[in-house]
Amino acid sequence: MSIAIDMKGKTAIVTGAASGLGKVTAMKLARTGADLCLVDFNEAGLNETGALAQSEGVQVLCHRADLSDPDQCRPVVDAALAHFGRLDALCNVAGIIRMAHAHDMARQDWDRIIAVNLTAPFLLSQAAIPHLIETEGAIVNVASSASYIGEAYAVAYCSSKFGLLGMTKALAMEYTRQPIRINAVGPGGMATNIGSDMSFPENPDLELMSRYMGLRGMVEVEDVADMIALLASPAGRSFHGACINIDAGITAG
Numbered sequence: 025m026s027i028a029i030d031m032k033g034k035t036a037i038v039t040g041a042a043s044g045l046g047k048v049t050a051m052k053l054a055r056t057g058a059d060l061c062l063v064d065f066n067e068a069g070l071n072e073t074g075a076l077a078q079s080e081g082v083q084v085l086c087h088r089a090d091l092s093d094p095d096q097c098r099p100v101v102d103a104a105l106a107h108f109g110r111l112d113a114l115c116n117v118a119g120i121i122r123m124a125h126a127h128d129m130a131r132q133d134w135d136r137i138i139a140v141n142l143t144a145p146f147l148l149s150q151a152a153i154p155h156l157i158e159t160e161g162a163i164v165n166v167a168s169s170a171s172y173i174g175e176a177y178a179v180a181y182c183s184s185k186f187g188l189l190g191m192t193k194a195l196a197m198e199y200t201r202q203p204i205r206i207n208a209v210g211p212g213g214m215a216t217n218i219g220s221d222m223s224f225p226e227n228p229d230l231e232l233m234s235r236y237m238g239l240r241g242m243v244e245v246e247d248v249a250d251m252i253a254l255l256a257s258p259a260g261r262s263f264h265g266a267c268i269n270i271d272a273g274i275t276a277g
């Protein structure tokens, strides 16, 4: 079955757009015709994604922001509205992880992971919701298989992703009578920079860590981006308060 996704005349914000899933999502949305406000801390990668998206014939605004700083979140939405005059989708893709024994985790690592993975999506959503109601738009949060299962050495990451799933459902319930859709995707392990840059703690239990792998291997990044684009678009009209797990079987049992 092929689902037609048409975002022409619509504007989407994509965070984490410099690389990985954010970059692939940005390109997927560009090919559907969406104008884009792309957000990342990595300015070089952000501009590279922006140029590629522009080559698809859409308008692009690259907005550099450190989403671990709460004061830099609302200005993302303000910039998108000032540039495009409307907002139809907010895709909260940015995420970070640091593996560590819980008893050794530095407080600053905990704070940064919670800030980027949970606080930033809330603050961006808070700023975007009134405008998304006006356009009958959508929020798509990137949760994780770690929104459902505990993962050893990832206490901050799991906490942030459990929280993000809860936030998705709470917002969906609160705004269920408004013309806005709020959903999430729950990917398993993907071959992206968030995984390739991961460092592991000393003497990890490899049997415990094997739970991170799906029963059918790694998840294709493009599959997750396709679902984000669907949920962000009018074609996803029947989804609300859902988390679509794309995890190759991690949460199957």
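When we follow our numbering, the leftmost residue of the sequence shown carries the number 25, and every step to the right adds one. Every residue gets a Cβ at the ideal spot worked out from N, C-alpha and C, and that includes glycine. Bear in mind that the values here come from a model prediction, so they are computed numbers and not experimental data.
Are the Cβ atoms of Thr-159 and Val-117 separated by less than 7 Å?
Locating residue 159 in the sequence shown gives position 135, where the first residue counts as 1. Locating residue 117 in the sequence shown gives position 93, where the first residue counts as 1. It is not a contact, given that the beta carbons lie outside the stated cut-off.
Let me know the secondary structure DSSP gives Asn-66 once reduced to three states.
For the purposes of this step, residue 66 is taken as residue 42 along the sequence shown, with counting starting at 1. Coil, per DSSP.
Are there 16 or more other CB atoms within 10 angstroms of the CB of Ala-194, so buried, or fewer, so exposed?
Working through the sequence shown from its first residue, we reach residue 194 at position 170. It counts as exposed.
Whole-angstrom Cβ separation of Gly-213 and Val-164, contact assumed at under 8 Å?
Mapped onto the sequence shown, residue 213 falls at position 189. Mapped onto the sequence shown, residue 164 falls at position 140. Not really, about 20 Å apart at Cβ, beyond 8 Å.
Count the C-beta pairs between the region 28-46 and the region 254-262 that are closer than 8 Å, then say yes if the count reaches three, no if not.
As far as the Cβ criterion goes, the region 28-46 touches the region 254-262, which means the pair count is three or higher.
Could you give the residue range of the alpha helix (DSSP H) that holds Thr-39?
Taking the sequence shown and counting its residues from 1, one reaches residue 39 at position 15. Not the alpha helix (DSSP H): Thr-39 falls in the beta strand (DSSP E), residues 35-39.
With a threshold of 16 other CB atoms inside 10 Å of the CB of Met-197, please say whether the residue is buried or exposed.
Here residue 197 refers to the residue found at position 173 when the sequence shown is read from its first residue. Met-197 is exposed by the Cβ-count criterion.
Tell me which residue opens and which closes the beta strand (DSSP E) that Phe-211 is part of.
Within the sequence shown, residue 211 is the residue found at index 187, counting from 1. Correcting the residue type first, residue 211 is Pro in the shown sequence and not Phe. It spans 205-211 - the beta strand (DSSP E) in which Pro-211 sits, taken as one unbroken run.
Short of 6 Å in beta carbon distance, which residues of its chain neighbour Asp-247, apart from the five on each side in sequence? Order them along the chain.
The sequence position of residue 247 within the sequence shown is 223, counting from 1. Ile-270.
Mind checking which residues open and close the alpha helix (DSSP H) that includes His-155?
The residue labelled residue 155 in the question sits at position 131 within the sequence shown. 144-159 is the extent of the alpha helix (DSSP H) around His-155.
Name the one or two DSSP bridge partners that Met-214 has.
Position 190 of the sequence shown, counted from the first residue, corresponds to residue 214. Met-214 pairs with Val-243.
Give me the Cα-Cα distance between Phe-186 and Asp-102, rounded to the nearest whole angstrom.
Locating residue 186 in the sequence shown gives position 162, where the first residue counts as 1. Locating residue 102 in the sequence shown gives position 78, where the first residue counts as 1. Phe-186 and Asp-102: Cα-Cα distance of roughly 28 Å.
Could you check whether Cys-61 and Leu-85 sit closer than 7 Å to each other, using their CB atoms as the reference points?
Against the sequence shown, residue 85 aligns to sequence position 61. Against the sequence shown, residue 61 aligns to sequence position 37. It is a contact, given that the beta carbons lie within the stated cut-off.
Determine the direct distance from the alpha carbon of Val-100 to that of Gly-119, and round the result to whole angstroms.
Start at 1 with the first residue of the sequence shown, and residue 119 comes out as number 95. Start at 1 with the first residue of the sequence shown, and residue 100 comes out as number 76. In a straight line, the C-alpha of Gly-119 is about 16 Å away from that of Val-100.
If you check the beta carbons only, do Ile-157 and Gln-96 fall under 7 Å apart?
Residue 157 sits at position 133 when you count from the first residue of the sequence shown. Residue 96 sits at position 72 when you count from the first residue of the sequence shown. No, they are not a contact pair.
Can you have a look at Thr-56 and say buried or exposed, based on whether 16 or more other CB atoms are within 10 angstroms of its CB?
In the sequence shown, residue 56 corresponds to position 32, counting from 1. So Thr-56 ends up on the buried side.
Helix, strand or coil: which one does DSSP assign to Asp-93?
Here residue 93 refers to the residue found at position 69 of the sequence shown. Here Asp-93 sits in coil by DSSP.
Taking 6 Å as the cut-off, is the CB of Lys-47 close to at least one heavy atom of the ligand ATP?
As for the ligand ATP, it is missing from this structure, which has no ligand bound.
Under 7 Å between C-beta atoms, does Glu-72 make it to chain B?
Of the protein chains in this structure there is only one, and it is not chain B.
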